[in-house]
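Here's the structure, in structure tokens; my notes come after.
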Amino acid sequence: MNKLLTFFVLIFISISCKTEGGKNNHVLPTSTGNTNKILVVIKGVDWEGRIGDEIRTTFGEHQVGLPQPETLLSVSQIDPVGYKGFIRNAKAVLIVREGEQEKITVEKNKYAQPQILVYATAKDKEGIVNLIRNRGKEILQLFKDEDVKFIQRIFNKEKLDESKFKTIKDLGVTITIPERYNLVEDTGEFLWLRQHLKSGIARGDGSNNILVYSYPLEDEAKVADNITNMRDVIGEKYIPGSKEGMYMITEQAYTPFTYDAEIDGKKAFETRGKWEVKNDFMAGPFINYTIVDKEHNRVIVFEGFTYAPSVNKRDFIFELEAIGKSLTIK
Numbered sequence: 011m012n013k014l015l016t017f018f019v020l021i022f023i024s025i026s027c028k029t030e031g032g033k034n035n036h037v038l039p040t041s042t043g044n045t046n047k048i049l050v051v052i053k054g055v056d057w058e059g060r061i062g063d064e065i066r067t068t069f070g071e072h073q074v075g076l077p078q079p080e081t082l083l084s085v086s087q088i089d090p091v092g093y094k095g096f097i098r099n100a101k102a103v104l105i106v107r108e109g110e111q112e113k114i115t116v117e118k119n120k121y122a123q124p125q126i127l128v129y130a131t132a133k134d135k136e137g138i139v140n141l142i143r144n145r146g147k148e149i150l151q152l153f154k155d156e157d158v159k160f161i162q163r164i165f166n167k168e169k170l171d172e173s174k175f176k177t178i179k180d181l182g183v184t185i186t187i188p189e190r191y192n193l194v195e196d197t198g199e200f201l202w203l204r205q206h207l208k209s210g211i212a213r214g215d216g217s218n219n220i221l222v223y224s225y226p227l228e229d230e231a232k233v234a235d236n237i238t239n240m241r242d243v244i245g246e247k248y249i250p251g252s253k254e255g256m257y258m259i260t261e262q263a264y265t266p267f268t269y270d271a272e273i274d275g276k277k278a279f280e281t282r283g284k285w286e287v288k289n290d291f292m293a294g295p296f297i298n299y300t301i302v303d304k305e306h307n308r309v310i311v312f313e314g315f316t317y318a319p320s321v322n323k324r325d326f327i328f329e330l331e332a333i334g335k336s337l338t339i340k
């Protein structure tokens with residue numbers, strides 16, 4: 011009887027250690043690698059040739075709105091024969107290979123967690139070049155979206171208690187902000203939080219700043235065109251410089267870029283540009299999400315801006331992007 015019981019227990023354990031697809035349900039190691047960085051698995055000769063050129067062109071495009079040129083993603087390469095052992099624990103991997111069918115496929119948490127593997131497959135080298143050229147932006151977005159989720163998961167574990175902010179409560183929104191942000195101003199109509207960049211995902215001198223406010227929706231067709239003007243009004247009213255007559259404005263020598271977006275299932279606009287302090291030398295990049303809340307006849311604005319002189323700022327702004335995309339309207 012004991013032998014029979016042992017037999018059934020072993021069978022149960024064996025079945026329990028399988029997941030869908032027959033993979034072992036063992037604990038995966040923690041992935042390695044930072045946000046906005048990917049590892050490309052491709053033969054060295056192809057990396058130095060047209061395929062590598064196309065990958066570098068696509069992922070090496072400069073992020074708009076930054077004072078210094080910085081690429082959308084940082085890319086490194088490894089030969090397929092070297093893609094083994096702990097190297098396979100990389101968080102974001104693009105695997106380029108030849109196959110019968112041209113396609114892009116995604117696999118998550120195969121060797122580590124969190125992890126995204128994107129396979130770019132085509133029949134020959136020319137096909138791979140065309141695939142990267144035609145669908146490279148799609149591949150890039152897959153990696154960016156996973157990085158946003160990665161940061162948001164971290165911030166969920168160290169979330170600031172937003173119930174203590176009058177503006178958040180009065181606007182009826184919720185947003186995942188890490189607890190290292192400190193209050194600057196909270197009027198009930200306007201919220202300003204600041205993080206000194208000494209710890210966290212974004213590190214360096216200076217600060218990351220978050221603004222949340224709203225204004226009445228008058229003409230939906232003019233919302234996008236009014237973004238710059240509205241942020242200048244807010245800057246003059248709430249964000250002073252070191253002396254009288256100084257306040258934050260949109261940098262006049264740089265035209266911001268505005269894109270269609272979606273926040274919490276609602277129509278929105280993403281604007282990237284540069285801010286400066288009028289009559290002063292302070293400046294930096296900003297990212298702005300302007301959300302059309304038709305149900306409440308208003309526009310809700312989340313803005314993040316960075317002041318970090320003499321250092322790269324891509325990752326600082328990306329952290330603010332992840333926070334902004336967590337905003338929901340109750």
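Those letters in the sequence shown? Residues 11 to 340, per our numbering, in order. Built from N, CA and C at the ideal position, the CB exists for glycine as well. Source: prediction; values computed, not measured.
Item, Value
"Other residues of its chain near K118: CB distance less than 7 Å, five sequence neighbours each side excluded", "Q125, I126"
"Straight-line gap, D274 to A263 (C-alpha atoms, nearest Å)", "33 Å"
"Continuous alpha helix (DSSP H) stretch holding L181: start and end", "176 to 181"
"Run of the alpha helix (DSSP H) containing V158, from where it starts to where it stops", "135 to 167"
"Local conformation of R190 per DSSP, three classes", "coil"
"Nearest-angstrom beta carbon gap, E313 and R241 [assumed within contact, 8 Å]", "7 Å"
"Exposure of Q151, with buried meaning 16 or more beta-carbon neighbours within 10 Å", "exposed"
"Paired residues, beta bridge with N236 - DSSP", "None, per the DSSP bridge assignment."
"Euclidean distance between Cα positions of S252 and I149", "44 Å"
"Pair within 7 Å by beta-carbon distance, T300 and F315", "no"
"Alpha carbon of N298 to alpha carbon of T281, nearest angstrom", "5 Å"
"Range of the contiguous alpha helix (DSSP H) that encloses T281", "No alpha helix (DSSP H) contains T281, which is instead part of the beta strand (DSSP E) from 276 to 287."
"Per-residue DSSP class, three states only, for G59", "coil"
"6 Å Cβ shell around I244 - same chain, five flanking residues per side excluded", "none"
"According to DSSP, residues forming a beta bridge with V103", "L49, L127"
"Candidates S86, Q111, G109: closest to V103 by CA position", "S86"
"Beta-carbon proximity list for S224, same chain, < 8 Å, skipping 5 on both sides", "L181, E199, D303, R308, V309, I310, V311"
"Paired residues, beta bridge with Q205 - DSSP", "N218"
"V51 versus T338, E254, Y129, residue with shortest Cα-Cα distance", "Y129"
"Rounded separation between P79 and N218 - CA only", "19 Å"
"Host alpha helix (DSSP H) of P327 (start-end)", "What sits at residue 327 in the sequence shown is Ile, not Pro. I327 -> alpha helix (DSSP H) spans 324 to 334."
"As assigned by DSSP and simplified to three states, the class of S86", "strand"
"Pair within 7 Å by beta-carbon distance, E110 and G137", "no"
"Beta-carbon separation (whole angstroms), L38 vs Q123, contact threshold 8 Å", "4 Å"
"Straight-line gap, K133 to V55 (C-alpha atoms, nearest Å)", "17 Å"
"Under 7 Å between C-beta atoms of T177 and L207", "no"
"Limits of the unbroken beta strand (DSSP E) element including K120", "Run containing K120: none; DSSP gives neither H nor E here."
"Three-state secondary structure (DSSP) of E343", "One cannot answer for residue 343 here, as it falls past the ends of the chain, which runs 11 to 340."
"Contact set for L227: own chain, Cβ-Cβ below 6 Å, skip 5 residues either direction", "N307, R308, V309"
"Residues sharing a beta bridge with I339, DSSP", "V183"
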